[in-house]
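Numbering (our numbering), first residue to last: 488 to 1192.
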């Protein structure tokens, strides 16, 4: 091809210098060269596509998840700073001249009572060590000694020897110095990160150290939760079995929506901690351990661990010198999360009395503090309470030698249901930006001044379209594209669909795009009508005397959708509740008691509505169970001449309304705004009932006040 290009360029020069008689002949030769060059270009392009397709197939078969992940993620930036700048930053971040100075005494600290369940101080058992190793990812990066998890997963005898070493370290309260060394890397927080502050430090420790402290972290978490030292209604970070991110994000959004719809006053402030893990003083950790009555042996081990901890960081071009960890806890150490939660819990409990419960209307209220790890959200109904809470938190942070970062914090003030941009708040003697100036992303959810999710729905639709296009262009076989759709794209779309209030039309548009691509990749025709024979017996237009006439008799006259209650006007509603009319006699003789029975004596119709409030993941199972439960009763009623129907309805325990409720209201001819209001009321009632039940979880009898 290069030869043809040179010949074409040379021929062009000859054409410019040639006479009129020679030009025509040279043009013919040039057109022939151009045709050959175009044909070779097409062949070369096809060859490259085949080569890339074969390469993609091999990469997908080798590691499907990694290949699918690269389809949707752009290459991340790397840290490019000078060695001196990074060394200065590390010294500033991890040095603490006041490390040996105890914290000053302060008022308001809440010392917990003596624990009812003691901390397990026995050396780690083999079962605990095996559980930690089995839970860890085989591809987790090894520490400075280069030993991977795969060694302990595949070699049980080696794991048993490690267990003996861990028991010896526990009994002698002495750890190896190799456990106190770590190599660190910087990973970007955002897509186009450039400065050091836009990167997050991650420490990679030796796996023996991580296994040892995983056992301590597991026992410490169990100890704190069993003794109820951590208020899970406020702090949900680091607690196993709790979807804290989703629950807190949903509760904050629900508070904002209630204030908007009921025209209430509400202040929401999202606080960001400067350097988070890297700024927690070791004295604060020791104070938290003493306050929560953690055994002295654990306190001594952790004090020795942090006193001798050192690390160094690597970039693409150099590695820094070793630096001691004088302040903060290493991100990457298995015990760091629970220690951070304990330190934050001391501060939260000391500040929670600075403001009352936030009033959300309808008798609902919410705690003024919501926390997830180091992220804290303040929710108050009165402006003076919000300022008092921020002042108290700021004082506590100054006392423990930490500080908030006002530039990354955000505030939202709602006055009578509308955003009040004139109200601002301060922390660390700096003004907090409002969400009107800069939107904030908290716990995976974006918040802006519109207080709506319309923009998020459009972004989700755009994400689905771009991702489907990326899958379509990857060159894989159809079945492999379906795999990428099922195990990567759909899971990627689940979070925004779960956390945002996206309208059904947007979801249907996403579903239509997915269905179109799925049919294309599986080789199915675009519409089902194309694979079914058309009807030859239906006649819409007939010709009489050369003129086409419309025959109304050839189409159905009544196109209105018939409801369940159409056809009679003597319907009677009975419910399995005190004060309501009793069920009809044909049902009372059975042991079954449907929640609601709608019956007509003239037409002998019976509609049984059965409500279930399951967990959202068990809605289909609950629906099938209720249908089977009333199947025999339905058959008996039909034998007696009744037209019986069972309508199971599911409302999720956390307020998610199942499609069965929508279908029931539609069949009862309840539509439009009435149906929307009814569904919203059902969701709020289920959520309030779950909240009421949870608030009385420690009582032996559930009784209403």
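Positions of the beta carbon are idealized from the N, C-alpha and C atoms, including for glycine. Note that the coordinates shown come from a computational prediction; the quantities given were computed from them, not determined experimentally.
Practice prompt. Over the uninterrupted alpha helix (DSSP H) stretch that includes residue 554, give me the two end residues.
Written response: The residue labelled residue 554 in the question sits at position 67 within the chain shown. Run containing residue 554: 551–559, per the alpha helix (DSSP H) assignment.
Item to complete: Give the DSSP-derived three-state secondary structure of residue 855 in the structure shown.
Response: Within the chain shown, numbered from 1, the residue matching residue 855 stands at position 368. Residue 855 falls in the coil class under three-state DSSP.
Item to complete: For residue 935, I'd like the list of residues in its chain whose CB is within less than 6 Å of its CB, leaving aside the five on either flank, ordered along the chain.
Response: Taking the first residue of the chain shown as position 1, residue 935 is located at position 448. Cβ neighbours of residue 935 beyond the five flanking positions: 922, 926.
Discussion item. Do residue 752 and residue 898 count as a contact pair if the criterion is CB distance below 8 Å?
Written reply: Numbered from 1 along the chain shown, position 411 holds the residue referred to as residue 898. Numbered from 1 along the chain shown, position 265 holds the residue referred to as residue 752. No, the pair does not count as a contact, with Cβ atoms beyond the cut-off.
Worksheet item: Should residue 1173 be labelled buried (16 or more other beta-carbon atoms within 10 Å of its own) or exposed?
Response: One-based indexing of the chain shown puts residue 1173 at position 686. Buried, by the Cβ-count rule.
Practice prompt. Name the one or two DSSP bridge partners that residue 846 has.
Written response: Counted from its first residue, the chain shown places residue 846 at position 359. According to DSSP, residue 846 bridges with 852.
Item to complete: Mind checking who residue 832 pairs with in its DSSP beta bridge?
Response: To locate residue 832, count along the chain shown from 1; it is residue 345. Bridge partners of residue 832 according to DSSP: none are assigned.
Worksheet item: For residue 740, which residues from the same chain have a beta carbon less than 7 Å from its beta carbon, with the 5 sequence-adjacent residues on both sides left out?
Response: Start at 1 with the first residue of the chain shown, and residue 740 comes out as number 253. Once the five neighbours on either side are set aside, the close Cβ partners of residue 740 are 932.
Discussion item. List, from N- to C-terminal side, the beta strand (DSSP E) runs of 3 residues or more that fit wholly inside the stretch 1107–1178.
Written reply: 1130–1137
Practice prompt. For residue 951, collect the residues of the same chain with a Cβ closer than 8 Å to its Cβ; drop the 5 residues on either side in sequence, then sort them by chain order.
Written response: Reading the chain shown from its first residue, position 464 is the one you call residue 951. Contacts found: 976, 980, 997, 1000, 1001.
Fill in: Backbone secondary structure at residue 1032 - three-state DSSP
The residue given as residue 1032 occupies position 545 in the chain shown. Caution is warranted here: a pLDDT of 47 is assigned to residue 1032, below 50, making its placement in the model unreliable, and no coordinate value can be reported.
Worksheet item: Do the stretch 630–649 and the stretch 690–702 meet, that is, are 3 or more Cβ pairs less than 8 Å apart?
Response: yes
Item to complete: Spell out a yes or no on whether the stretch 491–510 and the stretch 537–553 are touching, meaning 3 or more CB-CB pairs, one atom from each, closer than 8 Å.
Response: no
Practice prompt. Locate the beta strand (DSSP E) running through residue 1061, then write down its first and last residues.
Written response: Translated into positions along the chain shown, residue 1061 becomes position 574. That run of the beta strand (DSSP E) goes 1058–1062.
Worksheet item: Do the CB positions of residue 1124 and residue 1093 come within less than 8 Å of each other?
Response: In the chain shown, residue 1124 corresponds to position 637, counting from 1. In the chain shown, residue 1093 corresponds to position 606, counting from 1. The answer is yes: Cβ separation under 8 Å.
Discussion item. Given a cut-off of 8 Å on the beta-carbon distance, is the pair residue 502 and residue 520 in contact?
Written reply: Walking along the chain shown from the start, residue 502 turns up at place 15. Walking along the chain shown from the start, residue 520 turns up at place 33. Against a cut-off of 8 Å, the Cβ pair of residue 520 and residue 502 comes out as no contact.
Fill in: Cα-Cα separation between residue 594 and residue 911, rounded to whole angstroms
Numbered from its first residue, the chain shown carries residue 594 at position 107. Numbered from its first residue, the chain shown carries residue 911 at position 424. Computed Cα separation, rounded: 28 Å.
Worksheet item: Within 10 angstroms of its Cβ, does residue 581 collect 16 or more other Cβ (buried), or is it exposed?
Response: In the chain shown, the residue the question calls residue 581 occupies position 94. By the neighbour-count rule (16 or more Cβ atoms within 10 Å), residue 581 is buried.
Worksheet item: In chain order, what residues of the same chain have a beta carbon less than 8 Å from the beta carbon of residue 531, not counting five sequence neighbours either side?
Response: Looking up residue 531 in the chain shown gives position 44. Once the five neighbours on either side are set aside, the close Cβ partners of residue 531 are 488.
Worksheet item: Taking the beta strand (DSSP E) that residue 1097 falls in, what are its first and last residues?
Response: By one-based count along the chain shown, residue 1097 stands at place 610. Per DSSP, residue 1097 belongs to the beta strand (DSSP E) from 1092–1099.
Worksheet item: Looking only at C-alpha atoms, which of 1085, 618, 942 sits nearest to residue 1055?
Response: Position 568 of the chain shown, counted from the first residue, corresponds to residue 1055. Here the closest residue by C-alpha is 1085.
Discussion item. Would residue 618 and residue 640 qualify as a contact pair, given that the criterion is a beta-carbon distance under 8 Å?
Written reply: The count along the chain shown starts at 1 and reaches residue 618 at position 131. The count along the chain shown starts at 1 and reaches residue 640 at position 153. Their beta carbons are not under 8 Å apart, which means residue 618 does not touch residue 640 by this criterion.
Worksheet item: Just how far apart, CA to CA, sit residue 982 and residue 528?
Response: Within the chain shown, residue 982 is the residue found at index 495, counting from 1. Within the chain shown, residue 528 is the residue found at index 41, counting from 1. About 44 Å.
Worksheet item: Between residue 703 and residue 712, is the Cβ-Cβ spacing less than 8 Å?
Response: Translated into positions along the chain shown, residue 703 becomes position 216. Translated into positions along the chain shown, residue 712 becomes position 225. Their beta carbons are not under 8 Å apart, which means residue 703 does not touch residue 712 by this criterion.
Worksheet item: Using 8 Å as the limit for Cβ to Cβ distance, is residue 564 near chain D?
Response: Checking the listed chains, one finds no chain D in this structure; it contains a single protein chain.
Worksheet item: Do residue 1177 and residue 1140 have their C-beta atoms within less than 8 Å of each other?
Response: Walking along the chain shown from the start, residue 1177 turns up at place 690. Walking along the chain shown from the start, residue 1140 turns up at place 653. It is a contact, given that the beta carbons lie within the stated cut-off.
Discussion item. Less than 8 Å between C-beta atoms, sequence neighbours within five positions excluded: which residues of the same chain meet that for residue 1148?
Written reply: Within the chain shown, numbered from 1, the residue matching residue 1148 stands at position 661. Around residue 1148: 1136, 1137, 1138, 1166, 1169.
Item to complete: Compare the beta carbon distance of residue 830 and residue 876 with 8 Å and say whether it is the shorter of the two.
Response: In the chain shown, the residue the question calls residue 830 occupies position 343. In the chain shown, the residue the question calls residue 876 occupies position 389. At least 8 Å separates the beta-carbon of residue 830 from that of residue 876.
Worksheet item: Thinking C-beta only, is residue 832 closer than 8 Å to residue 717?
Response: Within the chain shown, numbered from 1, the residue matching residue 717 stands at position 230. Within the chain shown, numbered from 1, the residue matching residue 832 stands at position 345. Closer than 8 Å, so yes.
Worksheet item: What separation, rounded to the nearest whole angstrom, lies between the Cα atoms of residue 847 and residue 1175?
Response: If you number the chain shown from 1, residue 847 lands on position 360. If you number the chain shown from 1, residue 1175 lands on position 688. Going by the C-alpha atoms only, they are around 12 Å apart.
Item to complete: Flag this pair as touching only if the stretch 941–958 and the stretch 901–919 have three or more C-beta atom pairs under 8 Å; answer yes or no.
Response: Taking 8 Å as the limit for Cβ pairs, the verdict is that the stretch 901–919 does not touch the stretch 941–958.
Fill in: Contacts around residue 891, its chain only, beta-carbon distance under 8 Å, and the 5 residues preceding and following it disregarded
Looking up residue 891 in the chain shown gives position 404. In its chain, beyond the 5 residues on either side, 758, 759, 760, 761, 880, 881, 884, 914, 915 have a beta carbon closer than 8 Å to the beta carbon of residue 891.
Worksheet item: Apart from the five residues just before and just after residue 1034, which ones in its own chain have a Cβ nearer than 6 Å to its Cβ?
Response: Here the question's residue 1034 lines up with position 547 in the chain shown. Low per-residue confidence applies at residue 1034: pLDDT is 47, beneath 50, and the placement is therefore not dependable enough to give any value.
Discussion item. Within 10 Å of its beta-carbon, does residue 769 have 16 or more other beta-carbons around it, so buried, or fewer, so exposed?
Written reply: Translated into positions along the chain shown, residue 769 becomes position 282. By the 10 Å Cβ count, residue 769 comes out buried.
Worksheet item: Taking residue 656 as the reference, which of 670, 700, 683, 631 has the closest Cα?
Response: The residue labelled residue 656 in the question sits at position 169 within the chain shown. Considering only 670, 700, 683, 631, the residue with the shortest C-alpha distance to residue 656 is 700.
Worksheet entry | Unbroken alpha helix (DSSP H) run spanning residue 671, endpoints | Numbered from 1 along the chain shown, position 184 holds the residue referred to as residue 671. Run containing residue 671: none in the alpha helix (DSSP H); it sits in the beta strand (DSSP E), 668–675.
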